[in-house]
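Per the numbering used here, the very first residue in the sequence shown carries number 1; after that it's consecutive. A virtual CB, placed ideally from N, CA and C, is assigned to each residue, including glycine. Below: the structure, in structure tokens.
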Amino acid sequence: MQNQIENTTGSLFGELWKDLSSEQFRDSVELFTKRAIANNFDLDWLKGKTCLDAGCGSGRYSVALAIHGAAKITAVDVSSTGLETARNNAQEFNQIQFQQASVLNLPFPDQSFDLVWCAGVLHHTDNFDKGLSELTRVLKPNGKLFLLVYGAGGLRWKVIKAARPIVADLGQTFIDRAIQQSGLPANNRKNYMDDLFVPVQELTRFTELNQKLIDLGYSSIDRWTENTFDHENSPKDQLSDMLKLGEIAESAQSLATTKSETYHTELLKRTADMYINLIQEALSDPNLTSEQLKDITIGEGNLRLIATK
Ligand SMILES: C[S@@+](CC[C@H](N)C(=O)[O-])C[C@H]1O[C@@H](n2cnc3c(N)ncnc32)[C@H](O)[C@@H]1O
1 MQNQIENTTG SLFGELWKDL SSEQFRDSVE LFTKRAIANN FDLDWLKGKT
51 CLDAGCGSGR YSVALAIHGA AKITAVDVSS TGLETARNNA QEFNQIQFQQ
101 ASVLNLPFPD QSFDLVWCAG VLHHTDNFDK GLSELTRVLK PNGKLFLLVY
151 GAGGLRWKVI KAARPIVADL GQTFIDRAIQ QSGLPANNRK NYMDDLFVPV
201 QELTRFTELN QKLIDLGYSS IDRWTENTFD HENSPKDQLS DMLKLGEIAE
251 SAQSLATTKS ETYHTELLKR TADMYINLIQ EALSDPNLTS EQLKDITIGE
301 GNLRLIATK
């Protein structure tokens, strides 16, 4: 039985994966290889391994693990619609098996997998620690856990968290129309609809996560800090991404028909502009070192790490 948060989160994502084109899916698979190489992860280690892709979404990481020689991949997600899309994306790979399940209650015996891959999931659950202990339970001794969770700091989460109550009043359908009208590609629509409407969005500091992993008995914790190949790669990339929120707000303004929509979309635009202006100011501030600029604009960004049990 899934809880209400799992159902709402699963339905939101399930709808968003459907629209990714096959080219966008292929690009998202390639990101795995690019990031692994940039962070000196030995891709050969994957050969013959038994893997769990926990919260598989579109199935992109399951496919990437299969391409790099994993022998068996079990992919789970709470979203039945998402799993349908993932099955479709992974048709060619019979070493991938999909199953509906929650990371909070994994239907597998202890020590089942050599690799547990969990990207972008724990911060959307209502029990981060339970999820982390479940992932650890099903991992074999000496197995590896890959995690991506939202880190703290930076400006992106601040503007998103400021925008969330405004867009909640405008409604998901209204904002989705605004995004579609703005002409942003489907992967941007996915990211913004996720950020603006997902029920749970928890940020974790690296030091806190590191301590949790040590407490769970992990021996080596290797944080991936190199090129992210996305909006967190540089403060300028962060600005380009935030400008898209400005475009969404403008598009929403043009759709407003009631007084309430007019005022709320105006508030959304002013909120986005305030953050956009601040990033622009920071980018042209000669007194900031590049480290300070990164800390102010991006903060910790997404925390990616591989921990060995
Ligand atoms: C941001 S997406 C990440 C998908 C995939 N890991 C990736 O990186 O492309 C989050 C995914 O986690 C799934 N999810 C959310 N809560 C979950 C839970 N408790 N158990 C399993 N999956 C969950 C959502 O349905 C969604 O597909």
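- Around the beta carbon of A168, fewer than 16 other beta carbons lie within 10 angstroms, which makes this residue exposed.
- Assigned with DSSP and collapsed to three states, R137 falls in helix.
- Per DSSP, R304 is one residue of the beta strand (DSSP E) stretching across 302-308.
- In the DSSP assignment, Q91 forms no beta bridge with any residue.
- The Cβ neighbour count for R60, taken over all protein chains shown within 10 Å, is at least 16; the residue is labelled buried.
- In the structure shown, the three-state DSSP call for R205 is coil.
- The continuous beta strand (DSSP E) containing A54 extends over residues 50-54.
- Take S80, set aside five residues on each side of it, and the residues of its chain with a beta-carbon closer than 8 Å to its own are G10, G14, Q100, in chain order.
- At a threshold of 7 Å, L104 counts as near ligand 1, since its beta carbon sits closer than that to one of the ligand's heavy atoms.
- Ligand 1 has a heavy atom closer than 7 Å to the beta-carbon of R60.
- Shortest Cα-Cα distance from C56 to any of A163, F98, L16, T271 involves F98.
- Between the C-alpha atoms of L255 and Q211 there is a straight-line separation of about 47 Å.
- For K161, the number of other beta carbons within 10 angstroms of its own is below 16, and it is reported as exposed.
- DSSP places G131 within a helical segment (H, G or I) once states are collapsed to three.
- Only exposed fits T173, as fewer than 16 other CB atoms lie within 10 angstroms of its CB.
- Non-local beta-carbon contacts of F229 in its own chain, meaning distances under 7 Å to residues more than five positions away in sequence, involve L31, K34, R35 in chain order.
- For the pair D194 and L12, the Cα-to-Cα distance works out to about 7 Å.
- In the three-state scheme derived from DSSP, where H, G and I count as helix and E and B as strand, G82 is classed as helix.
- Between the segment 138-152 and the segment 264-275 there are fewer than three C-beta pairs closer than 8 Å, too few to call the two in contact.
- Pairing P185 with P107, the inter-Cα distance amounts to about 36 Å.
- Using a C-beta cut-off of 8 Å, the segment 281-298 makes no contact with the segment 117-135, since fewer than three inter-stretch Cβ pairs fall below that distance.
- In the pairwise beta carbon analysis, the segment 270-282 is classified as not touching the segment 199-216: fewer than three pairs are separated by under 8 Å.
- Segment contact: the segment 216-231 against the segment 288-296, fewer than three CB-CB distances shorter than 8 Å; contact not assigned.
- Listed in chain order, the non-local C-beta contacts of N188 below 7 Å within the same chain comprise K244, local neighbours out to five positions each way being set aside.
- With respect to the 8 Å criterion, L196 and I221 are not classified as neighbours on the basis of their beta carbons.
- Using a cutoff of 7 Å, the CB of A119 counts as near ligand 1, since one of the ligand's heavy atoms is closer than that.
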